[in-house]
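Since the structure comes first, as structure tokens, the remarks are kept for the end.
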Amino acid sequence: MRYGDRNLDASTLDMESREVRAARPERRRGSFDELSTVDITPPRLAVPTRTLADVADAPLSAVRDNNPDPTPTTHIGHHIVLREVGRGGMGVTYLAYDESLDRKIVLKLVRAELSNERTQTRLMREARALARLAHPNIVAVHEVGKHGESAFIAMEFVAGMTTDLWRRAAPRSWRDVVEVFRQAGEGVRAAHATGLVHRDIKPSNIIVGNDGRVRVLDFGLARLRDPRSGCPTTRSTLPLTEDRRELCSAAFAHTAVDDESSEKDPVWLSLTDGLAGTLPYMAPEYLDGGPATVETDQFAFCVSLFEMLYGTLPFSGRSPLEFLRQMRAGAIEPAPLDGHVPDWLREVVVRGLASEPAERWPSMAALLDALGCDPGVSRRRFGRQLALGGALSVLAALALVGNWKDTDLVAGVCSGGEEQMEQVWGREQHHDIAHAMVSTALPYAVDTWTHTSALLDDYRAQWLSAYTDACEATAVRKVQSDELRDQRMRCLSRHLGRMRVLVGELQRIDGDSLEHAIDAVGALPPVNSCADLDYLSRRIPPPSEIEAAREIERVDEVLMRATQLRELGRYGEGLELIAGVAADAATLDYPPLIARARLQLGALELENAAYESAERHLRQSYFTARSAGEHDVAVHAATQLVFLLAHLAPRLDDADEWAKHLVSEMPWSSSDAIRANANNTLGVLALSEGRHTEALAFIRRALTQWEQSLGPTHPRVTWALDNLGSVHFARGEYREAGRLYRRALQVRESALGAHHPSVAYISNNLGAALHLSGSYDDASTSYQRALEIAEHSLGDEHPFLAGPMVGLAFVHLATEQPAEALLLAGRAHTLLKRQPNASLADLSEARFAIVRARAATGDVTAETLALAGQVREDLRSSVTSTSLIDLDTVETWLDEHQAR
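Heads up, the sequence shown is in numbering that gives the first Met the number 0, so the first residue is 0 and it goes up one at a time.
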């Protein structure tokens, strides 16, 4: 009898201790489809003639079958296609999810009609060259391969903004622009050094990542150039080998451009038939049929830089022909009279725009060196050097004044976070929570206070750092728009609200909730989600109307409290609180709030065994959340649904369907901590269906994500370690299971204290692994420790005690101590019979321990044989696996003793 594999999420950590659990049906055996091989189809959210509620309440099959416009989702290799993000002459670009490495990627699928053997060979060679390059300023290529008749390239997904969007998002100085292009230029320079030419440099192919790193995108149009002479033009008389023909397919069919082109139709800006690239950024010699070279890349780079500095292209024209004439004539647009771009910088850029390649910079390296030679900086540096000769002390004083002013500016503009946090987690709250926890007089109270306060201190530090960064990005560094700052601040405000409500509940904590306190703090929303610009951009902002905003704030406050009551194990109280406000949320016409309300209502109904309504509300939450861009809510709802439909109200076909939905939604979540919870749940489901390889993959992924996002000593890390041990236990690999249980035990003791009830759970699991590996003395010690911790922390009537009691009973039988075994097994059986939700598997283990103990003392009566027969029948009908006995063992024992 083991317990660790039930740690699906914070709300299901200790399912055995829930007094509110009603008798629940046994879960039938079935096959949980292999998620590594099925096509993952995103939920289809709307049917034109039906409301969102109709879709959410309808059977899943109805939602699938009645959608007139399904999203074409499939696997390409081991990548799950999430959505299309672009389409062009070469093919289609998708956002996808790499199952093997658990990350979002960008996937380019080349049009089948272009994917002949020669094209695929060239494409794969170029992609592999990029993959080997591995430069920080170039989007990484992860993989190249084939999909049917087409070739594909899997590339790094970068959350951020292309430079054209970045320039418009906030005021940018010329130095900001130069720094971005300096980084991009380093990527282009590195590509040139390996023989790669980009061929389509433009602002939309340069991205500023949310991490501050600039990367060059889309080398998909690149061609490997001959490092000695470049590719020959269409007029070249150089002999072409087959390799050079393949590498130098710059023998383009010339696309005609004339004065008849429409002035209104912008299609002339992109030439996809023959010439590959975008017209305003193409060098004159390239348009004349010449090859793509490092010089044509430099020209495109300088056009892009000019555009970002001045807000306009360097060459103008109302038609393609006029545009080309201006370019060949070198008729560059004049600088604005009130321009802020210094003359030296304009001269650097204009040289790169020369119509003759020989007149441009000798290389990208030379151009980048020129961009780094700001005469103003040089003059200031020289002036400082002169001043050092006679006025060092004065300069030092001025430097101190300057630093004081900068610090004062930051403190004055961005200091509001400290005051807000002090009201939530200050000295008064420290005192109240310490007093409340210690007053429970439970043996693990002091440890719980120590670890809870440390986690809250960490969260405080993370929140303050995020607050300051969100403020300074706009007010000090000038790299962020006011709108984006407001989005980040709204997100941080909600997180602080969750913390405030939790701290308030902890100030009143009692003995019934104490064991959940540390996990409740660990469940606070990750602060780093408020810096995920991609995540924030998909969310619907609250209404600007004051009255509606106030009502939303009121309802949200109640939802936060209901959430914390659930995290603290106060399920009945939480359900009573939320029942009224869920209806209020539905009237406010703000989808994110509706999704959160239905999530919490469904989750609390699940905890109170109201499974039918829980399923309905969780489904409504999922669909509403997806349509509102609340992907974290959608992941939470799908996770709860998978657990509900696989374990509590079993319908395995629907559980399998929701597992697919969960996998497809996980990449959109804002944090690894949330994805880890989902992966852990999927792993436990795979384990329960005997799909051990899948279970290991899911749970190992969860372990990595929790360690990276929360740290290697966070309590949730032990969930994954414990569950990994359970997978190896199920495979009969008891020594490996024991190793993982020991590791989990060390982390849990460090994180929660040696006397926390959950330490008993893992200690019991370790005892079972040691027991079945034949280490009876160590097993007895581990079982005994679990029993002692549980008796002191949970009380001597708690049903958990039955587990280590039965384990000890079997150890006593193995060491020929039947009297002690009979005493322990009898007590365990009595505890289990008092529980309306005790499983047949647990009862069977206790009963068979009694049978064997009686037989060992010579009591093989008709009553004993009848009890053994009951165990056999119960195991035949039970769907819950046992740890210490199996049907074959019981039948063998009966055959031997009935024959006597």
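Built from N, CA and C at the ideal position, the CB exists for glycine as well.
DSSP-derived helix/strand/coil call for residue i
i	result
residue 138	coil
residue 331	coil
residue 523	coil
residue 886	helix
residue 418	helix
residue 799	helix
residue 151	strand
residue 447	helix
residue 389	Residue placement at residue 389 is flagged as unreliable, the pLDDT there being 39, under the threshold of 50; a coordinate-derived value is accordingly withheld.
residue 825	helix
residue 732	coil
residue 517	helix
residue 688	coil
residue 212	coil
residue 24	Because the pLDDT of residue 24 is 32, which lies under 50, any placement of that residue in the model is unreliable, and the question is left without a value.
residue 870	helix
residue 508	coil
residue 281	coil
residue 81	strand
residue 191	helix
Which listed residue (the options) has its alpha carbon closest to that of residue i
i	options	result
residue 102	591, 829, 79	79
residue 648	615, 661, 632	615
residue 298	447, 528, 599, 198	198
residue 143	202, 77, 158	77
residue 618	602, 804, 819, 183	602
residue 309	332, 456, 744	332
residue 710	288, 458, 156, 894	458
residue 496	479, 373, 557, 483	557
residue 655	638, 671, 667	638
residue 730	661, 429, 365, 771	771
residue 417	442, 463, 427	463
residue 747	712, 735, 449	712
residue 751	518, 631, 282	518
residue 725	714, 820, 687	687
residue 345	325, 324, 306	306
residue 511	435, 524, 479, 536	435
residue 166	681, 477, 897, 727	477
residue 323	281, 304, 339, 358	281
residue 728	749, 769, 286, 456	769
Contacting residues, own chain, Cβ-Cβ under 7 Å from residue i (five flanking each side not counted)
i	result
residue 499	423
residue 146	75, 76, 108
residue 311	332
residue 892	867
residue 677	634, 638, 661, 665
residue 790	800
heavy atom of the ligand ZN below 7 Å from residue i C-beta
i	result
residue 543	The model depicted lacks the ligand ZN and carries no ligand whatsoever.
Residue i classed as buried or exposed, judged by whether at least 16 other C-beta atoms fall within 10 angstroms
i	result
residue 882	buried
residue 674	buried
residue 543	exposed
residue 599	buried
residue 539	exposed
residue 372	exposed
residue 241	Note that residue 241 scores a pLDDT of 36, beneath 50, so its modelled location is shaky; the value from the coordinates is reported in the next line. Per the 10 Å Cβ criterion, exposed.
residue 612	exposed
residue 903	Summary: the structure shown does not reach residue 903, with the chain confined to residues 0 through 899, and so no result is reported for it.
Close-in-space but distant-in-sequence residues of the same chain around residue i (CB under 6 Å, 5 per side omitted)
i	result
residue 216	138, 204, 206
residue 589	551
residue 717	743, 746, 747
residue 561	573, 576, 577, 599
Beta-carbon contacts of residue i that lie in its chain and below 8 Å, excluding the five residues immediately before and after
i	result
residue 530	209, 465, 468, 469, 487
residue 363	184, 187, 188, 191, 293, 296, 297, 300
residue 823	804, 805, 807, 808, 811, 848
residue 398	Only weak support is given to the placement of residue 398: the predicted model assigns it a pLDDT of 35, under 50, and the question is left unresolved by the model.
Ranges of the alpha helix (DSSP H) found wholly within the segment 592-653, counting only runs of at least 4 = 610-627, 630-642
Counting only runs that start and end within the segment 551-590, where is the alpha helix (DSSP H) found for 4 or more residues in a row?
-> 570-585
Length at least 4, wholly inside the segment 339-381: the alpha helix (DSSP H) runs in chain order | 342-351, 363-370
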